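Each residue of the sequence shown is one higher than the one before, counting from 19 in the numbering used here. In this text, a Cβ means the ideal position worked out from N, Cα and C, and glycines have one as well. Here the structure is a predicted model, which is why all the values come from computation and not from measurement. A quick write-up on the structure given underneath.
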Amino acid sequence: MTIFRFALLRGIRSPLTLLFTYILPIVIILIRPMWIGEGLGLGAGGFTFLFMVTMLSAYLMSLSILTDKIDGTVLRILAAPIPMWRYLAENLLSCAVPLVVQMAIVSVLGHVLYDWSLTLSIAVFLCYTVLTLASVAMAFAWHCLFKGKEGNATGFSLVLFLGTFLSGLVFPTEVFPGLLQYVGTIFPAYWASRGLRDVLATGAMSGDYWLGIAAMLLFAVAFLLYGGKRRIV
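Now the structure itself:
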C-alpha cells in the first residue's frame with residue numbers, strides 16, 4: 019500500500035484540504051440551525067452543505083493524481099511495473115478513507131445530537147460514502163481532461179456549481195422547466211439527494227434510496243474506466 023500512504027500524506031499536507039476534509043464536516047453537523055426547520059430545504063440545509071463539502075473535498079484530495087500526470091510520476095510508477103488498476107485503487111482509497119471516517123463521525127453525531135433514527139444514521143453514512151467514491155472517481159476523470167493545472171480548478175468549480183443547482187440540492191428538480199428537470203441526473207449528487215429525500219420522507223431505505231446508491235456506484239465505475247491508462251498517461 020505504498021502508493022496509498024504516499025498519496026494520503028500528500029493529500030493532507032494542504033491546509034485547504036485539511037479544512038474541507040477534516041474540519042468542515044464536523045463543524046457543519048454541530049451547527050444546529052442547519053438541521054432544524056424546513057426553511058433551507060433538504061435537512062434544513064445541513065445535508066446540502068455536506069454534499070458540497072464532500073464533492074469539493076474529493077476534488078482537493080485527488081489533486082495528487084493530476085500532479086503525478088503533469089510531472090511524469092505516473093509513468094515511472096507504471097514502469098515499476100505497477101498495474102493501472104492498483105495505482106487508481108490506492109489513490110481512490112487515499113482520497114476516500116478520510117472522508118468516509120468523517121461521515122461516520124457525522125452519522126454518530128446526528129444520532130446523538132438530533133435524535134436521528136438508526137436507519138437514518140446508517141442511510142446517511144452509506145449514501146455519503148458512495149457519493150465520496152463517485153466524487154473521487156469523477157475528479158479522477160476530470161483531471162484526465164487536462165494536461166496542466168490551468169483551468170482545472172475553475173472548470174471543476176463550475177461543474178460543482180451546476181451539479182449542486184441542477185441536482186435538486188437547493189431546489190427540487192420539479193421547479194425547473196422542461197428538460198432542465200433531467201439534466202441533474204448526470205451528476206452523482208442528484209442520486210444521493212434523491213436517495214436521502216426518500217429516507218427522510220419514508221423513514222426507511224426503500225426503492226429510491228437503493229436506486230440512488232446503485233446509480234452512484236455505476237457512475238464511479240464509469241469514471242474510473244474513463245480515467246484508465248490511455249487517458250491518464
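- With a cutoff of 8 Å on beta-carbon distance, residue 117 and residue 76 are scored as near each other.
- Straight-line spacing of the CA atoms in residue 228 and residue 145 works out to 9 Å.
- For the 8 Å CB-CB criterion, residue 80 and residue 28 do not form a contact.
- 78 is the residue among 21, 233, 164, 78 whose C-alpha sits nearest the C-alpha of residue 37.
- For residue 40, there is no enclosing alpha helix (DSSP H), since its DSSP letter is neither H nor E.
- Per the coordinates, the alpha-carbon of residue 126 lies some 11 Å from the alpha-carbon of residue 44.
- Judged by DSSP in its simplified three-state form, residue 183 adopts helix.
- DSSP places residue 32 in the coil class of the three-state scheme, outside both helix and strand.
- If you draw a 10 Å sphere on the C-beta of residue 174, you find 16 or more other C-beta atoms in it, and that means buried.
- Within the region 130 to 172, the complete alpha helix (DSSP H) runs of at least 4 residues fall at 136 to 161.
- Burial check for residue 207: the Cβ neighbour count within 10 Å reaches 16 or more, so the residue is buried.
- Around the beta carbon of residue 182, 16 or more other beta carbons sit within 10 angstroms, so the residue counts as buried.
- Under the three-pair Cβ rule at 8 Å, the region 122 to 139 does not count as touching the region 195 to 202.
- When secondary structure is reduced to three states using DSSP, residue 67 falls in the helix class.
- In summary, residue 230 is buried, with 16 or more beta-carbon neighbours lying within 10 Å of its beta-carbon over all protein chains present.
- When only Cα atoms are considered, residue 188 and residue 41 end up about 23 Å apart.
- Per DSSP, the unbroken alpha helix (DSSP H) holding residue 234 starts and ends at 225 to 244.
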